[in-house]
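Engineer: Respectively, the protein sequence lines represent chains A and B.
Reading the first sequence from the start, the letters are residues 420 to 1813 in the numbering used here.
Reading the second sequence from the start, the letters are residues 317 to 663 in the numbering used here.
Glycine included, C-beta positions come from ideal geometry on N, C-alpha and C.
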Amino acid sequence: MQPGSHRILDMTEPLQWARYHWQRLIGRTNTDDDERPYSYSSLLACGGKSSQTPRLAGKHRVVVPHLQLFKEEYEKFSGTYVNNRIRTTKYTLLNFVPRNLFEQFHRVANLYFLFLVVLNWVPLVEAFQKEITMLPLVVVLTIIAIKDGLEDYRKYKIDKQINNLVTKVYSRKEKKYVDRCWKDVTVGDFIHLSCNEVIPADMVLLFSTDPDGICHIETSGLDGESNLKQKQVVRRYAEQDSEVDPEKFSSRIECESPNNDLNRFRGFLEHSNKERVGLSKENLLLRGCTIRNTEAVMGIVVYAGHETKAMLNNSGPRYKRSKLERRANTDVLWCVLLLVIMCVTGALGHGIWLSRYENIPFFNIPEPDGHTTSPVLAGFYMFWTMIILLQVLIPISLYVSIEIVKLGQIYFIQSDVDFYNEKMGSTVQCRALNITEDLGQIQYLFSDKTGTLTENKMVFRRCSVAGFDYCHEENAKRLESYQEAASEDEDSAGSPSGSLSNMAKSRAPSCRTVHGRPLGSVSSNHLTGSCFALESREGASEVPHSRQAAFSSPIETDVVPDTRLLDKFSQITPLLFTPTDETVPDPPPETLYIIDFFIALAICNTVVVSAPNQPRQKVGLSSLRGTPVKSLEEIKSLFQRLSVRRSSSPSPARGKEPSGAPGASVSRLALFSRTKPASPAEGELSQPRGGPQDPDGAAGPAEAGKAARDAGVAGGTAAPPPGQPSASSLCYEAESPDEAALVHAARAYRCSLRARAPEQVVVDVAALGPLTFRLLHTLPFDAVRRRMSVVVRHPLSKQVVVYTKGADSAIMELLSVASPGGPGLEKQQMMIRERTRKHLDDYARRGLRTLCVAKRVMSDTEYAEWLRNHFLAETSIDNREELLLESAMRLENKLTLLGATGIEDRLQEGVPEAIEALHKAGIKIWMLTGDKQETAVNIAYACKLLEPNDKLFILNTESKGPGLRAALVITGKTLEFALQESLQKQFLELTARCQAVVCCRATPLQKSEVVKLVRSRLRVMTLAIGDGANDVSMIQVADIGIGISGQEGMQAVMASDFAVSQFRHLSKLLLVHGHWCYTRLSNMILYFFYKNVAYVNLLFWYQFFCGFSGTSMTDYWVLIFFNLLFTSAPPVIYGVLEKDVSAETLMQLPDLYRSGQRSEAYLPLTFWVTLLDAFYQSLACFFVPYYTYQGSDIDIFTFGNPLNTAALFIILLHLVIESKSLTWIHMLVITGSILCYFSFALAFGAVCVTCNPPSNPYWVMQEHLVDPVFYLVCVLTACVALLPRFIYRVLQGSLFPSPILRAKHLDRLPAEERTEALKKWRGPGQMGQLASKHADHSAVESERISVSDPSAVFAVMSATACAVEKGTLPVCETALGSDFSETKASGMAGPSKD
Amino acid sequence: MAMNYNAKDEVDGGPPCPPGGTAKTRRPDNMAFKQQRLPAWQPILTAGTVLPTFFIIGLIFISIGIGIFVTSNNIREIEIDYTGTDPSSPCYKCLSPNVTPCICTINFTLEQSFEGNVFMYYGLSNFYQNHRRYVKSRDDGQLNGDPSAFLNPNKECEPYRRNEDKPIAPCGAIANSMFNDTLELFQKGIAWWTDKNVKIRNPPGTDPLAERFKGTTKPVNWVKPVYMLDSDEENNGFINEDFIVWVCTAALPTFRKLYRLIERRNYLHPTLPAGRYYLNITYNYLVHSFDGRKRMILSTISWMGGKNPFWGIAYIAIGSISFLLGVVLLVINHKYRNSSNTADITI
């Protein structure tokens, strides 16, 4: 076990746990069809827990080629592995019925009804005919089964489509690769794939046409990341130049059992001579990914079908229970209680009644054996009979109806044309099916900043180098003009094609050819994402569009250089680095800074370069070999050659030959030497990007010779590309848009990144020609360090240089105190630092994202020393993460500041309006961002999260504002303390008084903790919205998680409940659809309760007149069908189509959203009032006919008929009264219900003579239809029953209309009046009053105050931050405490006015 | 070999990909239904809008109510309780079970003459004919003349299913407890047509009834077997109208059942002129054990059935309430209209 990894695992553990359980489920499904003795124990061993085991688990798999040659061995090992056929369906034709039933009976409600059915089979308590009670249950089960079946069938079709995709598999018979379906691929097969093909199964890469043995894959289908990832050919095979011949492949592969960890693969490849080569995740091609930029690859399948990592990572649709449903569930329990009370009443009543007539054989009919039942026992039996009789009180159809209604609601949300994004061709996706109504109750909104509020289109705006600020005014002008053009473009972009072409304009036809895309998208999405059919397609084609837009619009790529800087840049000449001087003479230091700065921008990243047009020549790596570093002589000669070339060729060297063979050999050697010791265990220990152990590439003579041969071969095969791609046609595939922006900016200064390989980076510097940096190390970015570094050997100075780029706070602390260049330089450094800091603040104030760039020059000895330690860290098993972190810290210090950059992340369209609207809707918005405070605050102002006339007060300066609309700005460090147990309460109290909270510098974990804290402590409905992987935890924790399908891939979308393409869509989603869904569903649920209670009580009242004997005055069939058939459709239609206020009004009056927040449509009181009304209506419905027919000669079922008919009309008319809008669909359904009832009654009455004893309804309805009394009774009953509610609604409408009602009035006004009225409604003074009437007080105070007074922003940060530095918690507490009390004091000023 | 493949790939131009997901835009249709903009009737319930409804309903209801009330008042009805619990009653002697057969005579006077057909009912109170087990205790198949059920009645009839190993016809508690007082007057056509002709039938056959009922025995409480209920073949056996009426279980514990119909002979004379009458009762049915009451009811009938004062009053009451509410709403509307209209605009 690895204790060190626990820290990280802790947070992912619940997730893994869930995944693991899900896997087991999947595992179970597998066995149903694959009758293979595939054991889950392997799954269990490698589920969540096993990711902590460093070594191979006891069980691992051996893969041998699936060829005749190894047939025996193959069967021995691989015979039991599943093949590549996938089946994501739950059911087969055979097991559908039992399995579906089994699953359905997991629901309590269904069990209850099963219990009733069983109960009815007990003769003593039997109330209905035995079969009749089964009917509702059967119907409900059938409906759900049909729904499940259809869903499953859709999955089946997709499965089939995927299974029948074709790939090339080596066939020994034909001695070549033949086309075969995916489903026929088995473990051990050799697969040959070409560019843009989708990988059919997890396979180990054995060959790539790329001479470096590299293959690029795109994993967007898997994790949504749209940048290309590099994979490497297994080490020994990398040297082979021809394709591996499957016939000769005699090695076997041993690797770990299938597991879901995408970032881990361990194993080794054992050659026939027992030599072992380690395998890591770098060698594994994952199912569902697409081969890019590589002509062809070949590999051997190790995991297939359901055992692939992609399938194991598959997660089904999310299941959450909404607040409303929880509320409804408690009310169902109330109904149960009511039922019990009614049944007890019945039981007691019957007992008492019977005790009066115990000896009257008329009433106490003796048992068959002659003895009579005692009243007590009869009462007991009666209890159960009553339960059967009154069972409808518990609404069985409620759950089914809710599900149907939600499907309808989702249908409408998804077909809302306003959510359609022309550019991306995407619309809203509802991934969670059962929390639509939660959208209408959101109280807290947590938003990420980058990519959520902003476009995440990073535009290079300014930079500061060596203390000089370069404004890039031309660039700014360009951006402005672009903005205009873009907005025009958007206006004119009626057709999607137009906008797409606009996007693609700057970028030559993408290297991702459209062809192959659909396949990739469909399958990959299916493989990785949820299999839920509703959104699978949307999810699928999201990717390509976003990809096209990603980091590639001209606004991001074309940077106009600043003329001043360009001038300075042009001063750079190769002379500066004249190789004849061992030491750099004394160039103006600023120039050096500038060149270093841009080189750092160009190489300190993980950007992958690709050429768009010719995927074949993946830029230059084939010929651009690493720089020779063998000996000084060689270097010198090389450099001379270089300069010669340069002088000879007019175009600044874009040639590729110069580097030549030796470099290649070195890199190869490094690779090779690293390979050697790799045993399976160590193989995974060596960092993927971890540098070679021998920094100088010192290699033995033998190896050198080999390398030379190697290189020769390489040079031979890699034919020089036909046309050198010009720098402008390079594609940069960056992990983050910031990186892309910086690389593009560097390119604007003709310092362009040309190629990147694991071992080297080529940068084309205008004045110097292509420079090849040997990449010694890359310390990737992480959230803790907040910086990344590359360690390179500078090709000119030959020094080991560390380039670091990161957040300013992270870099500033690490700058060297003493400069090696003596006091003069030191002074200069201090000056640069000061000025840069000023510039940084300035940038941040302008809302730019700032990054600092620094470098460090290391001596070889220093480097060797560090390397040794680093190697130790890399190879240690315990505390590896910590050690690596320490190691990074050792490297990243004594830095020299080069400069800083300011990148603009433009606000998304419509964000300020959306935020304003959400604010007005009473939603508290928190912005959680990793950016620095100034940037965050700036963006917050820009998007109107903070009011523009707010004044910023920093509390640690003891300034106390009169201010009243408070906003809190808190930094990550402070947050850490605020989240501690002891401070949580105060923190929340503080935030409760703030309308907006901005958390900057927050880590992903903190984000989710904040959400969790607010959600659990304040018991509010929370919504988290984000677009990146760092928002995933927050999205998962919140009640509703919304993903933005934008630039940063699909992780957020995958984890979310709803996915939108832009933040501004949130306002319609919440204000309109949320409101509607909530109102609709809550009204429908209430109506359902009402309906059932009202109807069942008719039976109950009748018990008082039949000695509580459980007689029903209605025919049983009618009784059962009443709920199932006659009154089931109208509430569903009501739940789907009800529209209390029009969408326009809801958008214009965000205030209306507050009713949902306060659950006004469905309060406990509403429930009880509804029940009371139901009681009243049932009383009326029973007693009006009762008095009418009292004492007459009417028989039981003739008496029941008018009762029933009246009840039907009452229940339907009640719906009409409650409906706010009635379309022809409502009318159709209501009329249909009535017709259905009458035709059933008539048909049943005509046909059934003795079929349904004792209640044979023969001719009853027919008799009644010609009897005027029947009509008069029904009319009277309906009027009496509905009068109170009608009157209440009328009085409410005219005396105390709710805001919603008043808004509805607005809908009917003519256009001009309406705008006038809206204006008045929104009038400031009124709003406060209105809000104070309803809203919780704290929100209101700040709201009202906001109108008149400027507000204060309290920054708690500084006070606590310094306390933190002191390291004493108590101090911190008091600091925060005092801040808090001050805030409180100022906050109190508001309420005291009341 | 490898080159082969490369070359081939280039010729092919890539992997075989099934078409699909082509340039179909996913923009949702902009139609009224999908965008939830269907034209809708949006009733707004305010005092102003519903005012007319209330007045109209009020007026209609009051007029209907008056109509019903008048009709109901025109119905002649007389009820004579002959349970005999009061010692002064002539039937008091019949309370003791020893007197069989017990015949008592009750005198009564019709103040007004009864026009048209006069229906003669017997009424029982506190008799729970709607008790669940009682209701079930019969065999509809048997009553419908179904041969299989005829000799082997339904289990629901227990314990009145068999007697001395012979099936009881008709079986069950309902039949067993059949009302068997005789009220002497005239008779004809009292059961529902469907009951008599469809629902309830004698066992099929052309033999005399006694032959067809062979193999069954009479209900325990009965004096005569079912095929001797009447001498008229059309009114004997199961299709005896008194029996059918009884089997049609009453909905409420206090009920009346039609006993005889006194037909109007001609239009010149009332069916039952005012005057003194006396009722001859053969008192068989004992109800005092469960506090039951027995009545004889004579009633004329209108389109709305028997006399029922509640109904007309209820209509009038609801009509008046609705009218009153209309007035109240008028006031509200008048008083609040301005403010409610401005409410639309301001608050």
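Does the beta carbon of S1713/A sit closer than 7 angstroms to a beta carbon anywhere in chain B?
Structural biologist: yes
Engineer: Run through the segment 778–838 of chain A for me and flag every whole alpha helix (DSSP H) of 4 or more residues, listed as ranges in chain order.
Structural biologist: 794–808, 815–833
Engineer: At the level of alpha carbons, what is the spacing between R609/B and P403/B?
Structural biologist: Straight-line measurement puts the Cα of P403/B at about 14 angstroms from the Cα of R609/B.
Engineer: Can you confirm whether G1610/A, when its beta carbon is compared against all beta carbons of chain B, has any partner nearer than 7 angstroms?
Structural biologist: Using a CB distance cut-off of 7 angstroms, G1610/A counts as an interface residue toward chain B.
Engineer: By how many angstroms is the C-alpha of L1303/A removed from the C-alpha of K1055/A?
Structural biologist: At K1055/A the pLDDT is 47, less than 50, meaning the model places this residue with poor confidence; the figure from the coordinates comes in the next sentence. One C-alpha to the other measures close to 36 angstroms.
Engineer: Using a C-beta to C-beta distance shorter than 9 angstroms, which residues of chain B count as neighbours of D835/A?
Structural biologist: P344, K350, Q351, Q352
Engineer: Are G1462/A and A1361/A touching if we call contact CB-CB under 7 angstroms?
Structural biologist: no
Engineer: Would L367/A be called buried (16 or more neighbouring beta carbons within 10 Å of its own) or exposed?
Structural biologist: Outside the modelled stretch of chain A, which goes from 420 to 1813, sits residue 367/A, for which no answer is possible.
Engineer: From what residue to what residue does the alpha helix (DSSP H) around S774/A run?
Structural biologist: 742–775
Engineer: Would T873/A and D1324/A qualify as a contact pair, given that the criterion is a beta-carbon distance under 7 angstroms?
Structural biologist: A distance below 7 angstroms separates the beta carbons of T873/A and D1324/A.
Engineer: Quick one: is K713/A buried, meaning 16 or more other Cβ sit within 10 Å of its Cβ, or exposed?
Structural biologist: For the sequence presented, residue 713/A should be read as Thr rather than Lys. Residue environment analysis places T713/A among the buried positions, since at least 16 neighbouring C-beta atoms fall within 10 angstroms of its C-beta.
Engineer: Can you find a C-beta in chain A that's less than 7 angstroms from the C-beta of C473/B?
Structural biologist: no
Engineer: Please tell me whether I1344/A and A1415/A are closer than 7 angstroms, where the distance is taken between their beta carbons.
Structural biologist: Result yes, Cβ atoms of I1344/A and A1415/A sit closer than 7 angstroms.
Engineer: Under 7 angstroms, CB to CB, which of the residues in the segment 1532–1554 of chain A have a partner in chain B?
Structural biologist: The residues in question are M1532.
Engineer: Scan the segment 1693–1717 of chain A for residues whose Cβ lies nearer than 7 angstroms to a Cβ of chain B and list them as they occur along the chain.
Structural biologist: L1695, C1698, V1699, I1706, R1708, V1709, G1712, S1713, L1714, P1716
Engineer: Round the Cβ separation of V1276/A and Q1218/A to the nearest angstrom and send it over; I've been treating them as touching at under 8 angstroms.
Structural biologist: 5 angstroms
Engineer: In this structure, does DSSP put P483/B in helix, strand or coil?
Structural biologist: If DSSP states are grouped into helix, strand and coil, P483/B belongs with the strands.
Engineer: With DSSP as the reference, label D867/A as helix, strand or coil.
Structural biologist: strand
Engineer: How would you list, in chain order, the residues of chain B whose beta-carbon sits under 9 angstroms from the beta-carbon of Y1606/A?
Structural biologist: N624, F626, W627, A630
Engineer: Contact criterion: CB-CB distance below 7 angstroms. Does K573/B meet it with respect to chain A?
Structural biologist: yes
Engineer: As a quick exercise: from N556/B, P486/B, T425/B, I422/B, pick the residue whose alpha carbon is nearest that of K530/B.
Structural biologist: P486/B
Engineer: Give me, in chain order, the residues of the same chain whose beta-carbon lies closer than 7 angstroms to that of I371/A; leave out the 5 immediate sequence neighbours on both sides.
Structural biologist: Residue 371/A lies beyond the residue range present for chain A, which begins at 420 and ends at 1813; the question has no answer from this structure.
Engineer: Short of 6 angstroms in beta carbon distance, which residues of its chain neighbour Y722/A, apart from the five on each side in sequence? Order them along the chain.
Structural biologist: D621, P677
Engineer: In angstroms with no decimal places, state the Cα-to-Cα distance between L731/A and H725/A.
Structural biologist: A straight line joining the alpha-carbon of L731/A with that of H725/A spans about 7 angstroms.
Engineer: So if I threshold CB-CB distances at 8 angstroms, which residues from the segment 529–558 of chain B count as touching chain A?
Structural biologist: For the segment 529–558 of chain B, which is checked against every Cβ of chain A, not one residue is closer than 8 angstroms.
Engineer: Could you tell me if N596/B is buried or exposed, where buried requires 16 or more neighbouring beta carbons within 10 angstroms of its beta carbon?
Structural biologist: exposed
Engineer: How about Y1514/A and A1625/A: are their beta carbons less than 7 angstroms apart?
Structural biologist: no
Engineer: Are K1363/A and E1335/A closer than 7 angstroms when you measure CB to CB?
Structural biologist: yes
Engineer: Quick check on DSSP: helix, strand or coil for P1604/A?
Structural biologist: helix
Engineer: Is it right to say V647/B is buried, meaning 16 or more other beta carbons lie within 10 angstroms of its own, or is it exposed?
Structural biologist: exposed
Engineer: List the residues of chain A whose Cβ lies closer than 8 angstroms to the Cβ of G374/B, in chain order.
Structural biologist: The premise fails here: G374/B is roughly 11 angstroms from chain A at the closest Cβ pair, so nothing lies under 8 angstroms.
Engineer: With a cut-off of 8 angstroms, do at least 3 Cβ pairs link the segment 1631–1648 of chain A to the segment 1545–1564 of chain A?
Structural biologist: yes
Engineer: A590/B: buried (16+ other C-beta within 10 angstroms of its C-beta) or exposed?
Structural biologist: exposed
Engineer: From Q458/B, K651/B, A630/B, L499/B, pick the residue whose C-alpha is nearest to that of P519/B; which is it?
Structural biologist: Q458/B
Engineer: Report the residue from D603/A, E593/A, E637/A whose alpha carbon sits nearest the alpha carbon of C614/A.
Structural biologist: For C614/A, the nearest C-alpha among the options comes from E637/A.
Engineer: Grab the span of the beta strand (DSSP E) containing V544/A for me, first residue to last.
Structural biologist: Segment: none, V544/A is in no beta strand (DSSP E) and carries neither H nor E.
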